[in-house]
Every structure is written in structure tokens, then in C-alpha cells.
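A quick write-up on the structure given underneath.
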Amino acid sequence: MPQVDLHIHSNYSDGKFSPKELVEKAVNIGLKVMAISDHDSVDGIPSAVDAAKAYPQLTFIPGVEISTDVPNGEIHVLGYFIDYNNPELLSTLLRMRESRVERARKMVNKLASLGIKVEWERVLQIAQGSSVGRPHIAQAMQEKGYISSFKEAFNKYIGRNGPAYVERGKMTPAEAVKLIIKSGGLAVFAHPITYKDYETAIIDMVTAGLVGVEAYYNNSTVEDIRKILSLADKYNLVPTGGSDYHGIEATEVQMGGVEVPLSSAERLIALVKETK
Numbered sequence: 220m221p222q223v224d225l226h227i228h229s230n231y232s233d234g235k236f237s238p239k240e241l242v243e244k245a246v247n248i249g250l251k252v253m254a255i256s257d258h259d260s261v262d263g264i265p266s267a268v269d270a271a272k273a274y275p276q277l278t279f280i281p282g283v284e285i286s287t288d289v290p291n292g293e294i295h296v297l298g299y300f301i302d303y304n305n306p307e308l309l310s311t312l313l314r315m316r317e318s319r320v321e322r323a324r325k326m327v328n329k330l331a332s333l334g335i336k337v338e339w340e341r342v343l344q345i346a347q348g349s350s351v352g353r354p355h356i357a358q359a360m361q362e363k364g365y366i367s368s369f370k371e372a373f374n375k376y377i378g379r380n381g382p383a384y385v386e387r388g389k390m391t392p393a394e395a396v397k398l399i400i401k402s403g404g405l406a407v408f409a410h411p412i413t414y415k416d417y418e419t420a421i422i423d424m425v426t427a428g429l430v431g432v433e434a435y436y437n438n439s440t441v442e443d444i445r446k447i448l449s450l451a452d453k454y455n456l457v458p459t460g461g462s463d464y465h466g467i468e469a470t471e472v473q474m475g476g477v478e479v480p481l482s483s484a485e486r487l488i489a490l491v492k493e494t495k
């Protein structure tokens, strides 16, 4: 039975379910520890915290996933135990979400120039007032039959090397780590296996205050996990993990679908207690 999932998205970014629904799902599958880590948003955290109060057997960790840019790719940084009312955090995330909206609009325009006609209004409807992201565009594309899966949308059109890709507002990984620390949180390198030169990135972020690295992640191979665990040991980082659950596609890894040791969450909890 799964016990820990530290990477879950709600409908406040690009997930399908509300924070309350996610908390209830976590309880139903027997999770002991969960974190909601929406993209560049903490707006769903208060309702999740309230919902979790009804389930003393569940430890809820407030989180965020901050998108950053590097010369040859994109790195995401997870923040756990953040003060989700921190003014600097909130103002920075707001600027980033505004940048995401402008970026998404430009992507829709680029798709139109490629003959892929999706309505901007429909993308906003799918987002339901949350932080607009590429999955919302992919869903609009799928509805109109241009693609058969979200993976196809990213691989062919809106992934980093796709013809409709658009850059967004810049923040470096080190800056994201420092922002998380200023917000009272712990910074963790999200899904490093998706980034080519992840050890160099780890070294840079450790200097800024990184404390963890996501070793257990959806579709990771045994070898992937072994490599990240080795680096976690080398740089004295907590190996964390999660499903990156969005609830949008039936084929995606489900909440609790990644085997994350309870010790990972326990080490994070112990570490945050040391810093308070």
C-alpha cells in the first residue's frame, strides 16, 4: 500500500481535482503523507490544509513547484513546508503566472499558424481560473482531434523543441531555491532525470541551499533511481519522490503510484523541525 506522495497537482495549476478532492483521494488510498505542489501557485494550499484537518492520520505538507530556466533546458524546483502567505513568495509567483498566461496565448497563436486551431477562450475554460499551462492547451488540442494524447502534443508541438514552443519569464534554479528558503521552506530538485546534466545542476543548487532531490518519480527505471540515490548520498540530500499526478489522463501514473519510502518524508519533516 502506498504511504507517501510528495508531488501532486490540483486544479489551481494544471491538475483536474480540487485540493479537497485530492486530500480525500489520498486518505482513501491510505497515504500517510502527501504534498500538493502546484506550478507557480500556492492558492490551493489553504483549502487543502482545511480539508486535511478532518484526517489526523494524514500529514499534509504545503508545497509549490517553481519553474526555472537554464541554457539547455528547464528545471523545476519543489518547495516544501513553505509559508504560503509569505509576501515575496506570493508576488513572485503572481508575476510568474502572468508570464505563463502570456506564453500560453502566444503558443495558441503559433499553433494557429501551423493550422491547429484551438480557441483561447476554451483554453481558459479548461484552466478554470487556475494557472494556465501547456496541459490545458494540450487538452484543447485533443478535444478537437489534433492529437491522440498529451504526450503527442508535447513531442510534436509544444515541447521545448516543438514549433509552437514559447519561452516564458526567467528565473534561475538557484533563485528559486533561495526564494523557497526565504519562505521558510525546504528546496528539492524535481524529477532530475528529465534534465540531462543533473549533477551540475545539483551542485549549483546545493550552493544555494538545496536539501533534497526527487529520486522516486513516475516512469523512473531502477537504474534512474540508483543514480539519483547515489548523488543524494554524495551531496547529503534527502531523496524524495512522488507521482506528479494531475488526474487528467487515465494512462498517467496515479496518486500513490510511485513507491516512495516513508523515511523520505520523515527525513524532510525532521529537517524542517531543525530549521524552525
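Here this note's numbering is used: the first residue of the sequence shown is 220, the next is one more, and so on.
Glycine included, each C-beta is placed from N, C-alpha and C at the ideal position.
Three or more beta-carbon pairs drawn from the segment 287–298 and the segment 398–410 are found closer than 8 Å, and the two stretches are therefore classed as touching. Here Lys251 is not near Val268, since their CB atoms are 8 Å or more apart. In the DSSP annotation of this structure, Met390 is not part of any beta strand (DSSP E), being labelled neither H nor E. Sequence-distant partners of His465 (beyond 5 residues in either direction) whose C-beta falls short of 8 Å from its own C-beta, in its chain, are His228, Asp233, Gly234, Lys235, Pro354, Glu471. For His355, the uninterrupted alpha helix (DSSP H) run begins and ends at 353–362, by DSSP. In this structure, the alpha-carbon of Gly263 lies about 31 Å from that of Asn455. For Thr278, the enclosing beta strand (DSSP E) starts and ends at 278–289. Taking all protein chains in view, the Cβ of Leu481 is surrounded by fewer than 16 other Cβ atoms within 10 Å, so the residue is classified as exposed. Sequence-distant Cβ neighbours of Gly292 in its own chain, meaning closer than 6 Å and more than five residues away, are Tyr414. The Cβ atoms of Lys329 and Val385 lie closer than 8 Å to each other. Under the Cβ criterion (8 Å, minimum of three pairs), the segment 355–365 counts as touching the segment 323–343. Restricted to the segment 382–462, the beta strand (DSSP E) segments that are unbroken, complete and at least 3 residues in length are 405–408, 431–436, 457–461, listed in chain order.
Nearest to Val342 by C-alpha distance, out of Val320, Gly428, Gly334, Tyr376, is Val320. For Leu225, the uninterrupted beta strand (DSSP E) run begins and ends at 223–227, by DSSP. In terms of Cα proximity to Met253, the closest of Asn438, Asp288, Pro275 is Pro275. When rounded, the separation of the alpha-carbon atoms in Ile294 and Ala420 is 9 Å.
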